[in-house]
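Each residue of the sequence shown is one higher than the one before, counting from 2 in the working numbering. Every residue, glycine too, gets a C-beta built ideally from N, C-alpha and C. Predicted, not measured: the structure shown is a model, and the values here were computed from it.
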Amino acid sequence: MKGRATSRQGPIGHRRPRTRRGERAIPKHELNILFTCVGRRVALMDAFRRAMAKLDCAGKIIATDVTSSSPAFQRADVGCIMPSVGRIEYIPSLLGIVRKHRIGLVVPLTDLDLRSLARQRDQFTGEGCTVMIGSEPVVALCRDKARINSLLTQAGLSTIRTCTLREFRTQPFYPCFVKPVRGSAGVGAGVINNEKELIAHVATYGDLLLVQDYVPGQEFTVDVYRSRDGQVRCVVPRQRLVVRSGEVEKGVTVHDPELIEATTKLASLLDDMWGVFCCQCRRPGGNGGAPRFFEINPRFGGGSVLSIAAGADLPLYLLQEVLGQPITATVGQFTDHLLMLRYDEAVFMQVDAIEKLSGFNQPMFR
2 MKGRATSRQG PIGHRRPRTR RGERAIPKHE LNILFTCVGR RVALMDAFRR AMAKLDCAGK
62 IIATDVTSSS PAFQRADVGC IMPSVGRIEY IPSLLGIVRK HRIGLVVPLT DLDLRSLARQ
122 RDQFTGEGCT VMIGSEPVVA LCRDKARINS LLTQAGLSTI RTCTLREFRT QPFYPCFVKP
182 VRGSAGVGAG VINNEKELIA HVATYGDLLL VQDYVPGQEF TVDVYRSRDG QVRCVVPRQR
242 LVVRSGEVEK GVTVHDPELI EATTKLASLL DDMWGVFCCQ CRRPGGNGGA PRFFEINPRF
302 GGGSVLSIAA GADLPLYLLQ EVLGQPITAT VGQFTDHLLM LRYDEAVFMQ VDAIEKLSGF
362 NQPMFR
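Structure below.
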């Protein structure tokens, strides 16, 4: 398969910028950025390119994935095929890419490699590379939905009743909402109305499940930027109107002071969390109900491009901090009621051998 596994040019600094009249001037900054497990995140990658241009920052976008047939992989300047995240050679392979392409910033885009990157982030620091990731303890906390529920309760924030499947079976309640303890992308999550549906769900997804009260009402994701000094610099609530495979398809920004204040309080509790992350909550009964949090994702949310379009330029804030510049974010400053309607866009590429394509022998369903 033809893919962008190698750069057509050398690393940053290999080709001297031209400075004659009418030609490109020397940029103020140079930074190569590596995105891991890129998948479909083309819009976010483009947002980083715009942020780099605003800062007069030259550099390449490098993408990794397990296959070259992912849209964002093809849109990157350089694409690198990786072993699966669970393989022992995953982190050494990433470090090899960091050295080869002189990477200055690593941005994880899914839950898959968060724990590994947090555990090994000092190795990347030793290579002169920053990873946008919190410490291993705080990432482990965020990935464990039961512990998150306990933290929220201790902080006096409203949450959703949560228990293990074993606890639920001693005192069941329906309807309920179930999801894997360490789930991702909405896989294995859903509303259960009775015991028959629960038995079928366990047969499909296993019994390592959390069970929560089903709370009808508005659902929000709140994008947050927390700087390394622990200050919460940006908070943008966006209401999830339509969700597909765990990612928002239609959403709208909402300037909700109560939700902004509650999220700021929550973010201040997450010691050694920095950069962009997002929280999820529900408001039962609309704006009259207190926000009830149930999840924290220590990475860019899938719908963060809406916050960026609303003026909360999360990639810009991250680059400013990495480059040692003042962060221009202000909590509460974004366009209210900005509606996002997402659609699929195609990427086309010529391939040499179709039998090597994922799904050739049997289609893949997601």
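{"Item": "With H, G and I counted as helix, E and B as strand and the rest as coil, what does DSSP make of G23?", "Value": "Interpretation of G23 is limited by its pLDDT of 44, a score under 50 that renders its predicted location unreliable; the figure taken from the coordinates is listed afterwards. G23 falls in the coil class under three-state DSSP."}
{"Item": "With DSSP run on the structure shown, which of helix, strand or coil describes A347?", "Value": "coil"}
{"Item": "Would you check if there are 3 or more beta carbon pairs closer than 8 angstroms linking the region 209-227 to the region 166-181?", "Value": "yes"}
{"Item": "Got a sec, what are the start and stop residues for the beta strand (DSSP E) F169 sits in?", "Value": "It is not in any beta strand (DSSP E) - F169 instead sits in the alpha helix (DSSP H) that spans 166-171."}
{"Item": "Is C282 helix, strand or coil when you go by DSSP?", "Value": "strand"}
{"Item": "Could you tell me the distance, in whole angstroms, from the CA atom of S159 to the CA atom of D78?", "Value": "44 angstroms"}
{"Item": "How long is the line joining the alpha carbons of T68 and R116, rounded to whole angstroms?", "Value": "21 angstroms"}
{"Item": "Note down, one range per segment and in chain order, each alpha helix (DSSP H) of at least 4 residues found wholly within the region 39-78.", "Value": "43-55, 72-76"}
{"Item": "Determine the direct distance from the alpha carbon of R300 to that of T37, and round the result to whole angstroms.", "Value": "11 angstroms"}
{"Item": "What span of residues does the alpha helix (DSSP H) with I98 cover, start to end?", "Value": "91-101"}
{"Item": "Would you kindly work out how many angstroms separate the C-alpha atoms of S232 and F361, rounded to a whole number?", "Value": "For the record, residue 232 in the displayed sequence is Gln; it is not Ser. Each residue's alpha carbon lies about 49 angstroms from the other."}
{"Item": "I'd like the list of long-range same chain contacts for H15, defined as Cβ closer than 8 angstroms, with 5 residues on each side in sequence excluded.", "Value": "With a pLDDT of 34 at H15, under the threshold of 50, the predicted position of this residue should be treated as unreliable, though the coordinate-derived value follows. There are no such residues."}
{"Item": "Per the DSSP calculation, D224 is bridged to which residue(s)?", "Value": "V237, C279"}
{"Item": "Mind checking Q121: buried by the 16 CB within 10 Å criterion, or exposed?", "Value": "buried"}
{"Item": "Which same chain residues, not among the five before or five after V43, have their C-beta less than 6 angstroms away from its C-beta?", "Value": "P72, A73, R76"}
{"Item": "State the CB to CB distance for the pair R343 and E220, rounded to an integer number of angstroms; the pair is presumed to be in contact (CB under 8 angstroms).", "Value": "With a Cβ gap of about 16 angstroms, R343 and E220 do not count as contacting."}
{"Item": "Can you name, in chain order, every residue of its own chain whose Cβ lies under 7 angstroms from the Cβ of G23, other than the five neighbours on each side?", "Value": "Because the pLDDT at G23 is just 44, under 50, the model does not fix this residue reliably, and the value given afterwards should be weighed accordingly. The answer is none, since no qualifying residue turns up."}
{"Item": "Count the C-beta pairs between the region 138-148 and the region 267-284 that are closer than 8 angstroms, then say yes if the count reaches three, no if not.", "Value": "yes"}
{"Item": "Suppose you measure from the CA of V243 to the CA of G304; what does that come to, to the nearest Å?", "Value": "11 angstroms"}
{"Item": "Measuring CB atoms only, is the region 48-56 touching the region 312-321, in the sense that at least three cross pairs come out at less than 8 angstroms?", "Value": "yes"}
{"Item": "When you compare the CB positions of F335 and G312, do they come within less than 9 angstroms of one another, or not?", "Value": "yes"}
{"Item": "Contact defined as beta carbons within less than 8 angstroms: I believe V182 pairs with D145. What is the distance between those atoms, to the nearest angstrom?", "Value": "7 angstroms"}
{"Item": "Flag this pair as yes or no: are the beta carbons of A268 and C280 separated by less than 9 angstroms?", "Value": "yes"}
{"Item": "Within 10 angstroms of its Cβ, does T65 collect 16 or more other Cβ (buried), or is it exposed?", "Value": "buried"}
{"Item": "Looking at C-alpha atoms only, which residue of H256, Y226, G189 is the closest neighbour of R239?", "Value": "H256"}
{"Item": "Counting only the same chain and skipping the five closest in sequence on each side, list residues whose C-beta sits under 8 angstroms from that of A383.", "Value": "In the structure as shown, the chain starts at 2 and stops at 367, and residue 383 therefore has no counterpart that could be examined."}
{"Item": "Specify the secondary structure class of L144 as computed by DSSP and reduced to three states.", "Value": "Note on identity: in this sequence residue 144 is Arg, with Leu being the wrong assignment. Helix."}
{"Item": "In whole angstroms, give me the CA-to-CA distance for E90 and V99.", "Value": "14 angstroms"}
{"Item": "Run the CB neighbour count on G60, radius 10 Å, all protein chains shown included, and call it buried at 16 or more, exposed below.", "Value": "buried"}
{"Item": "So, is F278 buried or exposed, given that buried needs 16 or more other C-beta atoms within 10 angstroms?", "Value": "buried"}
{"Item": "According to the neighbour-count rule (16 or more other Cβ atoms, all chains shown, within 10 Å of its Cβ), is R356 buried or exposed?", "Value": "It is Glu, not Arg, that sits at residue 356 in the sequence shown. Exposed, since its Cβ has fewer than 16 Cβ neighbours within 10 Å."}
{"Item": "Rounding to the nearest angstrom, what Cα-Cα distance links L340 and N298 in this structure?", "Value": "22 angstroms"}
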